[in-house]
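Sequential numbering of the sequence shown, starting at 1, is according to UniProt numbering. Heads up, the beta-carbon is just placed ideally off N, CA and C, and yes, glycines get one too. Taking it in order: structure first as structure tokens, then the write-up.
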Amino acid sequence: MSNNNALIPEYNLRNEKSKNSLNIQIEEETTNGSCISLINDKNEEKEEEIIVKKKPSRLTHNTKRVLWADCLRIYACFLVILTHVCGYYTNELVFNTYNWYVIKAYNGLSRPCVPFFVMISGMFFLKPSKKITLKQMYSKYILRIFKSYVFWSLFYNIINNHIIVNKFPPEFNKEILNDIYVNTILGYGHLWYLPFCIGLYMVTPILKLIIPDRKMTWYMALLFCLISQFIPEVFDIIHHFCGTNILEPIRKFFTQSLTVEMAGSFTTYYLLGYLFSTQKLKKSQIYLCYVLGFIGAILSPILGLLYSYKLGKGNTYYFNFNCFHICMATVGGFVFFKYTVNDYIEKIRNKKWVVKIICHLSEWSFGIYLLHISINKCVYLISDTKISAQMFNPLFAVPVESIIIFVICVILTYLLRLIPFFRVVT
Numbered sequence: 001m002s003n004n005n006a007l008i009p010e011y012n013l014r015n016e017k018s019k020n021s022l023n024i025q026i027e028e029e030t031t032n033g034s035c036i037s038l039i040n041d042k043n044e045e046k047e048e049e050i051i052v053k054k055k056p057s058r059l060t061h062n063t064k065r066v067l068w069a070d071c072l073r074i075y076a077c078f079l080v081i082l083t084h085v086c087g088y089y090t091n092e093l094v095f096n097t098y099n100w101y102v103i104k105a106y107n108g109l110s111r112p113c114v115p116f117f118v119m120i121s122g123m124f125f126l127k128p129s130k131k132i133t134l135k136q137m138y139s140k141y142i143l144r145i146f147k148s149y150v151f152w153s154l155f156y157n158i159i160n161n162h163i164i165v166n167k168f169p170p171e172f173n174k175e176i177l178n179d180i181y182v183n184t185i186l187g188y189g190h191l192w193y194l195p196f197c198i199g200l201y202m203v204t205p206i207l208k209l210i211i212p213d214r215k216m217t218w219y220m221a222l223l224f225c226l227i228s229q230f231i232p233e234v235f236d237i238i239h240h241f242c243g244t245n246i247l248e249p250i251r252k253f254f255t256q257s258l259t260v261e262m263a264g265s266f267t268t269y270y271l272l273g274y275l276f277s278t279q280k281l282k283k284s285q286i287y288l289c290y291v292l293g294f295i296g297a298i299l300s301p302i303l304g305l306l307y308s309y310k311l312g313k314g315n316t317y318y319f320n321f322n323c324f325h326i327c328m329a330t331v332g333g334f335v336f337f338k339y340t341v342n343d344y345i346e347k348i349r350n351k352k353w354v355v356k357i358i359c360h361l362s363e364w365s366f367g368i369y370l371l372h373i374s375i376n377k378c379v380y381l382i383s384d385t386k387i388s389a390q391m392f393n394p395l396f397a398v399p400v401e402s403i404i405i406f407v408i409c410v411i412l413t414y415l416l417r418l419i420p421f422f423r424v425v426t
């Protein structure tokens with residue numbers, strides 16, 4: 001990694017011809033990458049537009065939106081759908097069969113999905129040039145996530161669970177109403193990511209205090225990675241595959257006694273997203289990241305399948321987002337998009353229709369994420385649980401079904417965002 005210690009200022013331009021027209025964010029192209037978050041913020045974009053109008057001379061003909069980050073967000077969104085498609089069929093398949101192995105392998109390969117989102121958020125929120133007061137953090141960012149969380153928790157716990165999945169008209173009794181109350185507060189499945197974001201945003205002002213000191217930021221990121229990911233995984237592998245418990249007290253010391261983290265070990269991804277987006281890597285370092293990323297990616301299904309075979313039943317222990325090999329895969333994928341994908345995109349940047357599609361899909365990724373579980377369940381019910389697991393080869397059926405769900409979610413998100421209320425919660 002190079003010693004690129006200074007951030008180059010970024011200026012954004014929002015061209016909005018109509019309410020539903022394409023919004024293109026223009027950013028000064030630098031080697032530092034761009035700042036893109038899973039949740040788009042309209043107010044911030046308007047503020048940045050004013051800055052540009054006041055200082056038009058600082059924009060050049062060479063300014064452009066950094067599209068590789070948009071592509072990464074879209075890819076991460078698709079991986080989320082892929083992993084949940086696999087999840088629906090895993091429990092129904094016979095252990096140690098071809099179909100079971102294929103679906104477990106897909107599930108393992110898709111695990112960097114959420115860490116990608118967290119790294120993208122780190123790019124967006126942790127840059128020193130982005131000034132955020134506590135009032136802004138709570139009234140602007142956290143409040144919006146909270147509104148989305150409340151609405152979609154009610155949707156999934158009432159509409160999805162008791163009308164779509166069960167039957168219509170729904171039956172409600174005291175026990176069901178209590179379940180709705182509890183699950184609405186605690187969240188439903190994939191909605192865990194929203195309160196997690198709230199927690200991460202709460203500690204963001206603290207993290208931003210150390211960001212100007214790049215060495216300290218690297219120290220914190222590597223410390224969190226070591227304590228919460230690398231050391232636990234090494235001890236887990238020794239315990240699971242060597243059959244010895246002698247190192248378990250040492251493992252517990254690091255994972256339970258030595259608690260050093262804020263907002264969980266996802267802070268590692270948050271910091272790494274900022275660090276890798278703001279440093280220009282040498283070619284040898286880029287290739288090293290690719291190799292480590294590839295190793296991490298294949299370790300997910302390999303370790304998961306080997307441990308399942310050892311136990312004689314399926315499990316997802318090595319599919320945890322905080323496993324070190326998944327961190328390797330995530331960083332490798334992040335660097336791949338920043339350099340290789342970016343090089344390809346630059347060649348087709350003049351094709352406006354391509355840029356338009358990328359920008360729209362990136363903007364709609366939050367809505368796609370929120371909707372996909374319900375659509376996945378509907379497809380699962382319509383197919384009578386046989387479309388991937390029994391009727392077709394899952395090697396092809398799983399990605400095809402994931403693409404179908406993704407396309408349906410894109411269409412629904414577009415239609416919902418035509419309604420002002422849904423623009424707030426998607």
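Taking a cut-off of 8 Å for Cβ pairs, the region 332-340 and the region 265-279 touch, as three or more such pairs fall below it. Between V379 and I404, the C-beta spacing is below 9 Å.
Rounded to whole angstroms, N183 and T340 show a C-alpha spacing of 42 Å.
The beta-carbon separation of L191 and W152, rounded to 6 Å, stays under the 8 Å limit for a contact. Membership of V354 in the alpha helix (DSSP H) is indicated by the continuous run K352 to E363. One Cα belongs to F319, the other to L72, and the distance between them is close to 20 Å.
Boundaries of the alpha helix (DSSP H) harbouring P195: Y193 to I210, taken from the DSSP string.
Classified as buried, S110 has 16 or more neighbouring CB atoms from the shown chains inside 10 Å of its CB. Excluding residues up to 5 positions away in sequence, L38, R73, I74 and C77 lie with their Cβ nearer than 7 Å to the Cβ of S365 in the same chain. Boundaries of the alpha helix (DSSP H) around Q285: K283 to L311.
Contact holds between the region 403-422 and the region 367-382, because three or more Cβ pairs, one in each stretch, are under 8 Å apart. Annotation: the continuous alpha helix (DSSP H) that includes S121 extends over C113 to F125. For E401, the enclosing alpha helix (DSSP H) stretches over residues P394 to L416. Between T90 and I81, the CB-CB gap reaches or exceeds 9 Å. By the Cβ-count criterion, L271 is buried, with 16 or more other Cβ atoms from all chains shown falling within 10 Å of its own Cβ. In the DSSP annotation of this structure, the continuous segment of the alpha helix (DSSP H) that includes P232 starts and ends at I231 to C242. In this chain, the alpha helix (DSSP H) harbouring D179 covers K174 to L186. For the pair of segments examined, the region 141-151 was found not to touch the region 231-248: the number of CB pairs separated by less than 8 Å stays below three. Assigned with DSSP and collapsed to three states, N91 falls in coil, not helix or strand.
Boundaries for P128: no alpha helix (DSSP H) harbours it, and the DSSP string shows neither H nor E there.
Taking all protein chains shown into account, C242 has fewer than 16 neighbouring C-beta atoms within 10 Å of its C-beta and is therefore exposed. Spatial neighbours of P195 in its own chain (CB-CB distance under 7 Å, excluding positions within 5 residues in sequence) are listed in chain order as Y149 and G187. Taken atom to atom, the span from the alpha-carbon of Y181 to that of R349 is near 49 Å. When secondary structure is reduced to three states using DSSP, T267 falls in the helix class. Closest option to L226, judged by alpha-carbon separation, among T204, T267, N245 and V203: T267. A distance below 9 Å separates the beta carbons of T204 and F125. If you compare the alpha carbons of T244, I375, P249 and K347 with that of N161, the shortest gap goes to I375.
Assigned with DSSP and collapsed to three states, I419 falls in coil, not helix or strand.
Here K64 carries a coil assignment [DSSP, helix/strand/coil]. For M220, the uninterrupted alpha helix (DSSP H) run begins and ends at R214 to C225, by DSSP.
Counting only the Cα atoms, F116 lies some 16 Å from A221. In the DSSP assignment, C327 falls within the alpha helix (DSSP H) that extends over F324 to F336. The three-state reading of DSSP puts Q136 in helix, counting H, G and I together. Note on N107: 16 or more other CB atoms within 10 angstroms of its CB, so buried under the neighbour-count rule.
Taken atom to atom, the span from the alpha-carbon of S228 to that of L418 is near 43 Å.
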